Structure formats: C-alpha cells, structure tokens
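J.: Structure provided below as structure tokens; questions to follow.
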Amino acid sequence: MATQESRGIRTAIMMPKGKNMDSGLMKEAIRDRWDRTVQRYAILPGHGFISEEEKEAWKNLLLEVIGTEKLNVLDVGCGTGVITLLLAEMGYTVTGIDFSEGMLGKAKERANGLNLIVNFKIGDAENLPFEDESFDVVINRHLLWTLPDPERAIFEWGRVLKPEGKVMIIDGNWGNCFGSHGRIWRYLISMPLILITERRNPLRWVYGRNIENLLPLGQKKRPEADIEILEDLGFRVDLMDVKIPKAARTKTVLGYLKYGRRDDRRNFMRRGAKTGVKEE
Amino acid sequence: MKKELMDILACPMCKGDLELSIEAEDEKGEVVVGSLYCGKCDLQYPIDDGIPNLLPPELRQSSD
Chain D
154 MATQESRGIR TAIMMPKGKN MDSGLMKEAI RDRWDRTVQR YAILPGHGFI
204 SEEEKEAWKN LLLEVIGTEK LNVLDVGCGT GVITLLLAEM GYTVTGIDFS
254 EGMLGKAKER ANGLNLIVNF KIGDAENLPF EDESFDVVIN RHLLWTLPDP
304 ERAIFEWGRV LKPEGKVMII DGNWGNCFGS HGRIWRYLIS MPLILITERR
354 NPLRWVYGRN IENLLPLGQK KRPEADIEIL EDLGFRVDLM DVKIPKAART
404 KTVLGYLKYG RRDDRRNFMR RGAKTGVKEE
Chain Y
55 MKKELMDILA CPMCKGDLEL SIEAEDEKGE VVVGSLYCGK CDLQYPIDDG
105 IPNLLPPELR QSSD
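Respectively, the protein sequence lines represent chains D and Y.
Counted the way this note's numbering counts, the first sequence spans residues 154 to 433.
Counted the way this note's numbering counts, the second sequence spans residues 55 to 118.
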C-alpha cells in the first residue's frame with residue numbers, strides 16, 4: 154500500500170497513528186506541508202501563470218467581479234501570492250494573509266521583484282486579525298475545502314467585510330467521495346462566478362488521504378455544501394454564466410500552481426456561474 | 055508593515071485593539087521588526103521581516 158501511494162504523495166502529511174487529529178493539529182500539519190512545498194513554487198515564473206493569455210483571463214474575471222473602483226481586497230490563504238499580486242497589479246489595495254510563513258516569504262519576494270505594494274500578514278483564515286468591516290472584497294482560492302471549520306471561516310470573512318461587501322470563493326470538489334470527478338468552481342457574493350469542472354483531484358498528493366478524509370468539506374457535495382453555509386450566515390447566492398477564454402482555460406495554471414503538475418486534456422470540463430449578495 | 059495598517063489590525067482572538075512596538079523601521083517608515091500587543095488577552099504578536107505574525111498562539115510554530 155505504501156509503495157503505490159508513496160510516489161504520488163511522497164511529501165504528504167503523515168499523521169501519528171491512533172491519534173485523533175484536532176483542528177489545531179490538522180492546521181499545523183497543513184501549514185508544515187506548505188512550508189515544505191514552497192521551494193517547488195520557486196521555479197514558477199512571474200505571477201505563477203503559464204501564459205499572458207491566462208493571466209489576462211484571470212484579470213478580466215477579477216475585474217468583472219470586483220469592478221474598476223480601487224477597493225480594499227483581502228486575499229485569504231494567499232499562498233505565494235498568485236491572485237494577490239495580480240490584484241495589486243490591477244490597482245486594488247491588497248492584503249494577503251496565509252498561515253504558512255514560507256509561502257508568504259515567497260509572495261513577498263515576488264511582490265518586491267515586481268515592485269508591487271501588498272500588505273502581507275501571517276494569520277489564520279478562521280481567526281482573522283482584522284477589525285470588523287475592514288474590506289470591500291474577501292477573496293480566496295482553493296482554501297475553503299482545506300479548513301477544519303469552514304463555517305467559522307466564512308463567518309469571519311463576513312465579519313471583516315464592509316456592508317455590501319463581496320466574498321469571492323474559488324474552490325472545488327476535491328473530496329474522495331467524488332472520485333476523480335472533482336469540480337473547480339468559483340462563486341462570489343454579489344457578483345458573477347465561474348464554475349469549472351476538473352476530472353481529477355489535483356490536491357490529493359498534497360495532503361494525502363488521512364487528512365483529506367478528516368476535512369469537513371472534503372466529504373460533502375460542493376458547491377451545495379458551501380451555499381448552505383453561506384445562506385445560513387446571511388449571504389444570498391445565485392447562479393449565472395461567465396465566459397473564460399478557451400485557450401486560457403486549457404492552459405490555466407489552476408491545475409499547476411498548487412498541484413505541481415498538469416494534465417491539460419482532462420482539466421476543466423464544464424463551466425457555470427453564480428452570484429450572491431450579502432444581505433444586511 | 056505600514057503603520058496605517060494599525061487602523062484595521064485587531065487581535066485574532068478577541069478582535070480588540072493592538073499596541074504597536076517598533077524595533078526597526080526602513081527608509082519608508084515601515085515597520086521591519088517589532089511587535090503587536092493585545093492587552094486584553096496579554097498576547098504578543100511578533101513582526102519579523104516586515105510581516106506581522108498574527109496567528110493564534112496555539113497555531114504558532116514552536117520555533118517562534
């Protein structure tokens with residue numbers, strides 16, 4: 154068993170046998186995992202997008218969602234700053250927060266290299282170190298499913314949002330119960346969102362099954378589970394279509410940056426979208 | 055870390071105000087080394103290399 158899996162998840166988090174993993178221990182394991190992975194990211198150019206075309210596609214999506222006003226944006230779980238730096242380049246005031254010091258160091262290095270001003274903080278997505286109503290937009294990518302307590306995280310994101318603020322979540326169905334047919338989608342509070350389908354679970358190698366099985370959203374049908382949480386917390390979520398350029402889609406690094414490898418032929422099967430509004 | 059960020063920073067535990075102590079600044083007046091202190095929780099959050107570490111104490115690495 155170890156032989157077959159050890160290649161794919163060579164550096165996956167190994168948890169002590171026979172111990173129950175509490176959320177703190179789980180977070181620690183995940184953080185250590187990213188700290189150790191950061192070197193792998195160093196080889197990626199620029200913002201971490203493979204092509205200009207892909208970068209432009211992301212830019213257009215973000216612009217469509219956030220608008221041209223130079224708003225205050227918080228990127229939760231910003232990692233090495235792929236989305237963070239793009240937002241900064243677009244002229245938004247951006248704060249990036251991540252609990253991996255290693256990833257943040259890389260993000261800061263990139264920001265400096267590109268002469269971009271970003272405020273980075275080491276912090277926990279479920280315990281944000283910000284005053285209430287500090288941001289216009291809270292964005293995150295491939296984060297929510299990794300959190301031991303997604304309800305608490307979304308509550309916190311809502312807390313730091315200004316009235317009429319927007320949450321944009323980009324995530325997917327990575328859980329085991331959906332086999333290799335996980336979906337990537339993004340949804341936004343009060344703006345369009347895209348829904349992209351992936352066939353495999355690109356993050357399996359990252360965490361390994363033992364952690365994945367313990368993450369609450371890893372076992373739930375998504376985005377339905379997320380919508381339920383959002384609605385319980387007073388958000389309204391609707392659906393709509395958003396276009397992503399085909400070329401950019403097939404070349405996108407969604408499947409590369411955090412996943413470490415690509416499979417163009419199988420990524421991104423379907424698209425869809427939804428919007429939502431934070432109700433006051 | 056820019057000093058004006060103090061306006062939005064809060065203790066991750068109680069969401070109360072933090073007090074800034076500066077040990078080193080750069081030429082732009084940004085805090086490079088220092089700390090943030092929450093009097094209510096009696097917790098100190100370090101600022102290192104311009105990045106404040108605002109993780110709840112139980113999530114901080116033992117090497118901190």
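Every residue, glycine too, gets a C-beta built ideally from N, C-alpha and C.
Nothing here was measured: the structure is a model prediction, and the numbers come from that model.
1) Whole angstroms is fine: what's the gap from threonine 246(D)'s alpha carbon to threonine 221(D)'s?
2) If you drop the 5 nearest sequence neighbours on each side, which residues of the same chain put their C-beta closer than 6 Å to that of glutamate 158(D)?
3) Can you check whether the CB of leucine 314(D) is closer than 9 Å to the CB of valine 434(D)?
4) Considering only the alpha carbon of each residue, which of Thr299(D), Phe273(D) and Glu381(D) lies closest to valine 85(Y)?
5) Quick one: what does DSSP say proline 66(Y) is sitting in, helix, strand or coil?
6) DSSP state of valine 218(D), grouped into three classes?
7) The alpha helix (DSSP H) that contains isoleucine 292(D), what's its start and end?
8) Indicate whether lysine 319(D) and valine 291(D) have their beta-carbon atoms separated by less than 9 Å.
9) Quick check: phenylalanine 308(D) and isoleucine 275(D), are their CB atoms within less than 9 Å of each other?
10) Closest to leucine 74(Y) by CA distance: which of Ile101(Y), Pro111(Y), Leu109(Y) and Leu113(Y) is it?
11) Below 8 Å on C-beta distance, what does aspartate 253(D) contact in chain Y?
12) Which residues share a DSSP beta bridge with alanine 44(Y)?
13) Where do the N-terminal and C-terminal ends of the beta strand (DSSP E) with lysine 261(D) fall, by residue?
14) List the endpoints of the continuous beta strand (DSSP E) containing aspartate 102(Y).
15) Would you mind reading off the limits of the beta strand (DSSP E) that contains phenylalanine 308(D)?
16) Measuring CA to CA, which of Lys56(Y), Leu113(Y) and Leu108(Y) is closest to isoleucine 76(Y)?
17) Check each candidate in Gln98(Y), Lys94(Y) and Leu90(Y) and name the one with the smallest Cα separation from aspartate 61(Y).
18) Determine the chain D residues that contact alanine 64(Y) at a beta-carbon separation under 7 Å, and present them in chain order.
19) Measure the alpha-carbon distance for glycine 255(D) versus leucine 59(Y) and round it to whole angstroms.
20) What residues in its chain sit with their C-beta under 6 Å from that of alanine 306(D), if we drop five residues either side in the sequence?
21) Could you say which of Asn107(Y), Pro111(Y), Arg114(Y) and Leu113(Y) lies nearest to glycine 258(D) if we only look at CA atoms?
22) Run down chain Y in chain order and give the residues with a C-beta less than 9 Å from the C-beta of aspartate 277(D).
23) Beta-carbon of lysine 94(Y) versus every beta-carbon of chain D: anything under 9 Å?
24) Looking at leucine 239(D) and leucine 215(D), is the spacing between their C-beta atoms short of 9 Å?
25) Report the rounded CA-to-CA distance for leucine 97(Y) versus lysine 212(D), giving the unit in angstroms.
26) Starting from the beta carbon of lysine 56(Y), find every residue of chain D whose beta carbon is closer than 8 Å, and list them in chain order.
27) Check glutamate 73(Y) in the structure and name its three-state DSSP category.
28) Under 9 Å between C-beta atoms, does tyrosine 91(Y) make it to chain D?
29) Whose C-alpha, out of Ser287(D), Glu286(D) and Pro303(D), is nearest the C-alpha of arginine 379(D)?
30) Per DSSP, which residues does cysteine 92(Y) bridge with? Please list them.
31) Please confirm if glycine 104(Y) has its CB atom under 9 Å from at least one CB of chain D.
32) Between arginine 294(D) and the rest of its own chain, which residues show a CB-CB distance below 6 Å, the 5 nearest in sequence each way excluded?
T.: Well, looking at it:
1) Using only the alpha carbons, I get a separation of about 12 Å.
2) Below a pLDDT of 50, predicted positions are generally treated as unreliable, and glutamate 158(D), at 31, falls in that range; the measurement from the model is reported next regardless. None.
3) Since the displayed chain D opens at 154 and closes at 433, residue 434(D) lies outside it and no answer follows.
4) Measuring C-alpha to C-alpha distances from valine 85(Y) to each of Thr299(D), Phe273(D) and Glu381(D) identifies Phe273(D) as the nearest.
5) Three-state DSSP puts proline 66(Y) in coil, outside helix and strand.
6) Note: valine 218(D) maps to helix in three-state DSSP.
7) Taken as a continuous stretch (DSSP letters only), isoleucine 292(D) belongs to no alpha helix (DSSP H), being part of the beta strand (DSSP E) at 288-294.
8) In this structure, valine 291(D) lies closer than 9 Å to lysine 319(D) by Cβ.
9) One thing to note: phenylalanine 308(D) has its Cβ no nearer than 9 Å to the Cβ of isoleucine 275(D).
10) When only C-alpha atoms are compared, the closest one is Ile101(Y).
11) Note on residue identity: the sequence assigns serine, not aspartate, to residue 253(D). Correct list: empty, because the minimum Cβ distance to chain Y is about 10 Å.
12) Within the shown structure, residues of chain Y are numbered from 55 to 118, placing residue 44(Y) beyond reach of any answer.
13) Careful: lysine 261(D) lies outside any beta strand (DSSP E), inside the alpha helix (DSSP H) at 254-266.
14) In this chain, the beta strand (DSSP E) harbouring aspartate 102(Y) covers 97-102.
15) Counting along the chain, phenylalanine 308(D) falls outside any beta strand (DSSP E), though it belongs to the alpha helix (DSSP H) covering 303-313.
16) Considering only alpha carbons, the answer is Lys56(Y).
17) Distances from the CA of aspartate 61(Y) to each of Gln98(Y), Lys94(Y) and Leu90(Y) were compared; the closest alpha carbon is that of Leu90(Y).
18) Under the 7 Å cutoff, chain D gives Pro282, Phe283 and Glu284.
19) Here the alpha carbon of glycine 255(D) sits roughly 22 Å from the alpha carbon of leucine 59(Y).
20) The answer, listed in chain order, is Ala278, Glu279 and Leu300.
21) Asn107(Y) is the residue among Asn107(Y), Pro111(Y), Arg114(Y) and Leu113(Y) whose C-alpha sits nearest the C-alpha of glycine 258(D).
22) Under the 9 Å cutoff, chain Y gives Pro66, Leu108, Leu109, Pro110 and Leu113.
23) At a cut-off of 9 Å between C-beta atoms, lysine 94(Y) does not count as an interface residue with respect to chain D.
24) Against a cut-off of 9 Å, the Cβ pair of leucine 239(D) and leucine 215(D) comes out as a contact.
25) Each residue's Cα considered, the two are about 39 Å apart.
26) Neighbours of lysine 56(Y) on chain D, chain order: Asn272.
27) Secondary structure of glutamate 73(Y) (DSSP, three-state): strand.
28) Chain D contact via Cβ: absent.
29) According to the sequence provided, residue 379(D) is aspartate. The question's arginine does not apply to it. Selected option, being the one with the closest Cα: Pro303(D).
30) Cysteine 92(Y) pairs with Leu97(Y).
31) Judged by the 9 Å Cβ criterion, glycine 104(Y) is in contact with chain D.
32) For arginine 294(D), where only same-chain residues beyond five positions count, the Cβ hits under 6 Å are Ile236 and Ile323.
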